[in-house]
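Residue numbers (the numbering used here), protein chains in the order written: chain A, 1 to 292; chain B, 1001 to 1256; chain C, 2001 to 2300.
This report refers to the structure that appears directly beneath it.
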Amino acid sequence: MDVLVQLLINGLVAGSIYGIVAVGYSMVYSILRFVNFAHGYVAMIGMYLAYTFSVRMGMNFFLSAVSAILLSCLLGWSVERAAYRPLRRSFYLAPLITSIGVSFLLEAIALLVWGADIRSYDIPVREGLEVLGARITMVQIWIIAALLLSLMVLMWLLNRTILGVAIRATADDQDMARMLGVDADSIIVVVFLLGSAMAAVAGILLGLETNLQPTMGLVVTVKAFAAVILGGLGNIYGGLIGGLLIGFAENLGIWFIPAVWKDAIAYAILLVILLVKPSGLFGQRRESEVKL
Amino acid sequence: MLKVTGLTKEFGGLRAVDDLSLEVKEGTIVGLIGPNGSGKSTVFNLISGFYRCDAGRIEFSGKDITGLPPHVIARMGLVRTFQQTRVFPEMTVFENLVVAPQDNVGEGFIDSLLFPRAVKEDQKKKGEEALALLRFADLYEKRDELAKNLPYGEQKRLELMRAVMTRPKIMLLDEPTAGVARPQVEKMREYILKLKDQGITFLIIEHHMKFVMGLSEWVYVLDHGQLIAQGTPSEVQKNPKVIEAYLGTGRMAAAV
Amino acid sequence: MIYHLVTLIGIYGMLAVGLNLVVGYTGLFSLGHAAFFGLGAYTSALLSLAGAPVFTGMLAGGIIGALGGWLVGYSTVNLRGDYFCLGTLAFGEITRAVFTNWIGLTRGPMGLPGIPRPSLFGVPIKSVEQYMVLALIFLALSLAFAERLVKSPFGRMLRSIREDDVAAASLGKNVGRTKIVAVMAGSFMAGVAGGLYAHYITYIDPMGFTLNQSIFILVLVVFGGLGNNYGSIMGAVILVVVREGLRFLGLPSSVSAALQQAIYSVLLIGLMLVRPRGLLGEVKYMTRGDSSRSLEGGGE
Ligand SMILES: Nc1ncnc2c1ncn2[C@@H]1O[C@H](COP(=O)(O)OP(=O)(O)O)[C@@H](O)[C@H]1O
Ligand SMILES: [Mg+2]
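Right under this line is the structure:
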């Protein structure tokens, strides 16, 4: 029983993290209509930046996190500017190929700067709460709080501000939005800034929950994408639910099968969704997905 | 030859096509008109199998084709064109035609590898057929140009001829004159009439009223997904419901 | 040394030509080519360790690779292009998890040592020179196979599907089946290449079949030019030489691996920005209207 509750808590925490990345992912996708493979790698870089500031430079952890998030925004913005924007009229595989190039460049940089060894933030483990005989650590509580906070900020931005209206209009119909005077280019920039910020938040939380490794970029990219597809592409909050489900599935999965298969679970879920219900749980079936 | 009954399609609560029934007799040209957004293209997508209908039945040559995949329907002899022209942009005009026939030898994985002689002979025949069609369509001079470099009107014509290469029994044309310059509209009309003489049946979506009215023997009028009128062109033109539907969207003036 | 390089080029060239069929000609973006490579390698290695003749093992490797291709293709080929990309990625990661964790079969991270070298008509192929000839023969066969395929009406249909699969379906082409066949052909070649590799190195472990390996093969194809079989081979020649060359700079292995990765990613990004169709560009297999025969032209 205790173990089961513990697994549920771990699932909730991991799922929240995947969910945050997935939300940013769907936002970028809904505007640009291409899979930004590099998204999870921005999370990974954000994770390491916070490490440099807090562990190497001895800054306060909260300040380090904020600086890392801001720098990640800058990174996301430069990637969009330097690598994606020039390709907007190029052939259709070009943005995808480029984003893969960017991803592997970021991973290589992380390997060269921080090395392949596993690292962790030096956060003292503090007593957590006891829930039904399982322990939820202080860090885990932070993670869930941070998730709720970022979601609230995002929802407020999207639903209550002019910027949000413009973003949603651009996602619906870029040409129409342009005709109405929305500058699509600036919206894309904003979305990249927002998405990168959320990715960095998730990266840092993931670093807190587990530890730091350059391969995290791929893990985050794939899990977030699985979350997005599970939730239904084009449905921003679907990504969140998808993330939670994947978090639970992975952590409860090791109740049944050896833990070494944990990562494979997300991939298997991804394949099964693609096979059974490619539009995801909450997505509209797009007509172009009719079997040809 | 083509018979549709009770066809219905919803997009997230919006009834794009609502309980539509229509029939196309062999050897005729039938028009399908209606204001923008009235569901005409959706009807084509349903008939040709690209969308799955929520209710209704589609019969072609006496067989139920509801729910069959597009390529199977096309192979039965029902071939459609698209409102937004879809030529193969990086292939030449000639290639766009020779790729189309459904009985091309060498499109199977095995025979493409094992029977070069048969492939060659078949390709020669198809090539001649394509060239004849290109002459017919006044595209012969452009045969070696990439399709993407043709002006839009010629792309429309190319798309039509590509469909002809499949030797269809019935063709569904989605706005064959949209975006086409005036003089070419007249040509398009001639091509369609000549193809009809060769035994092809047509169901044509048109915006350009004069064009369909002149061609069709029978016209169906769609508004908000529903059939609001049908009849001979002159009957339909006088029908007050039809006039209202077009006036309502302020398009009659543009359309006539 | 040079023989070793050429052998590797033969193997990677075969991988690239197979992947080009999928990515370059059919327009399906695959991130899992190393999985088929690995399936072929493990199948062939395990069979021959169990006593089967090496060439039977390689053939079986190709078949298992093709079955893997069928599986991925069947589940994703009818979906949006991005989904195929992720489906192949997921398949790749799952196969790697299997290679790593099914210890009873694959010995996991310890790998399979002592994979036998083949013998041809009773003559054992022992030296690197001999193996190089074998690899080149395989490469030539693959190239001939791929060229024949892409120049045939089948290849033309592949290109039409790449250009616009909806239009192709509207003409009566069985788009789904054709894509799956193309994927299976590509993964068959990868599977055979896997066998070729396993019996050459005589040792395999899961690290040879990672996502990075898939990306490396992809870079070979993109570098030479999507839709150009000779370009794929050229990509293999140049990049395999660069890769093996880097090993001789004497850098610590952790640095050289990262450096290598950085070089490939910069190449990939730069190429997309400057010359998205690759160095050689696509071969124009235009069928001429007046002569009705295939002509090959230069790049763009
Ligand atoms: N794939 C789709 N998804 C959602 N709505 C669609 C789709 N296709 C068409 N519609 C909607 O169905 C209605 C009819 O569209 P359409 O058939 O294209 O009209 P027409 O061809 O008569 O101009 C429109 O309101 C359109 O927005
Ligand atoms: Mg329409």
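Positions of the beta carbon are idealized from the N, C-alpha and C atoms, including for glycine.
Note that the structure is a prediction, hence the values are computed from the model and not measured.
Taking 8 angstroms as the Cβ-Cβ cut-off, the region 1082-1094 of chain B approaches chain C at F1082, R1086, V1087, F1088, P1089, E1090, M1091, T1092, V1093, F1094, given in chain order. For T2056/C, no beta strand (DSSP E) segment is defined; the enclosing uninterrupted segment is the alpha helix (DSSP H) at 2054-2076. Contacts with chain A at 9 angstroms (Cβ-Cβ) do not include P2124/C. Between P2206/C and the set A2097/C, V2123/C, M2157/C, T2056/C, the nearest pair of CA atoms involves A2097/C. Sequence-distant partners of V191/A (beyond 5 residues in either direction) whose C-beta falls short of 7 angstroms from its own C-beta, in its chain, are M27, V28, I31, I167. In this structure K223/A is buried. Its beta-carbon is surrounded by 16 or more other beta-carbon atoms within 10 angstroms. Relative to ligand 1, N2078/C has its C-beta separated by 8 angstroms or more from all heavy atoms. Distance from the CA atom of T137/A to the CA atom of G238/A, rounded to whole angstroms, is 27 angstroms. At least one heavy atom of ligand 2 falls within 8 angstroms of the beta-carbon of S1041/B. When DSSP states are grouped into helix, strand and coil, K1238/B belongs to the helix group.
In the displayed model, P2124/C falls within a strand according to three-state DSSP. Residue pairing by DSSP places R135/A opposite E130/A in a beta bridge. Rounded to whole angstroms, the separation of the alpha carbons of L208/A and I254/A is 21 angstroms.
For V2054/C against F2138/C, the beta-carbon gap comes to about 13 angstroms, at or over 8 angstroms, which does not count as contact. For Q2213/C, there are no C-beta contacts with chain A under 8 angstroms, since the nearest C-beta of that chain is about 12 angstroms from it. Here the distance from the Cβ of I1033/B to the nearest heavy atom of ligand 2 is not below 8 angstroms.
Judged by DSSP secondary structure, V1219/B falls within the beta strand (DSSP E) whose first and last residues are 1218-1223. Within chain A, the C-beta atoms nearer than 7 angstroms to that of T2076/C come from L274, in chain order.
Counting along the chain, no beta strand (DSSP E) covers R2243/C; the unbroken alpha helix (DSSP H) around it starts and ends at 2229-2246. If you check the C-beta of L1014/B against ligand 1, you find a heavy atom less than 8 angstroms away.
Distances between the C-beta of N60/A and the heavy atoms of ligand 1 are all 8 angstroms or more. In this structure, the alpha-carbon of M47/A lies about 35 angstroms from that of V276/A. Taking 9 angstroms as the CB threshold, V2181/C lines the interface with chain B.
For the pair of segments examined, the region 2043-2053 of chain C was found not to touch the region 2166-2182 of chain C: the number of CB pairs separated by less than 8 angstroms stays below three.
Put simply, the region 2061-2069 of chain C does not touch the region 2217-2233 of chain C. Fewer than three CB pairs are less than 8 angstroms apart. Close partners of F2091/C in chain A (Cβ separation under 9 angstroms): Y267, L271.
C-alpha of L271/A to C-alpha of K1124/B: approximately 44 angstroms in a straight line. Within its own chain, the residues whose Cβ lies closer than 6 angstroms to the Cβ of A2236/C, once the five positions on either side in sequence are excluded, are I2009, Y2012, G2013, A2016, L2220, listed in chain order. For R2148/C, the chain B residues whose C-beta falls within less than 7 angstroms of its own C-beta are L1113, listed in chain order. Against S1048/B, the close residues of chain C are S2170, in the order they occur along the chain (beta-carbon pairs closer than 7 angstroms).
Closer than 9 angstroms to the CB of L49/A there is not a single CB belonging to chain C. Looking at G101/A, I269/A, K262/A, Q174/A, the one whose alpha-carbon comes closest to that of L2273/C is G101/A. In this structure, the CA atom of I1204/B is about 39 angstroms from the CA atom of I273/A. Secondary structure note for F1044/B: its alpha helix (DSSP H) is the uninterrupted segment 1040-1047.
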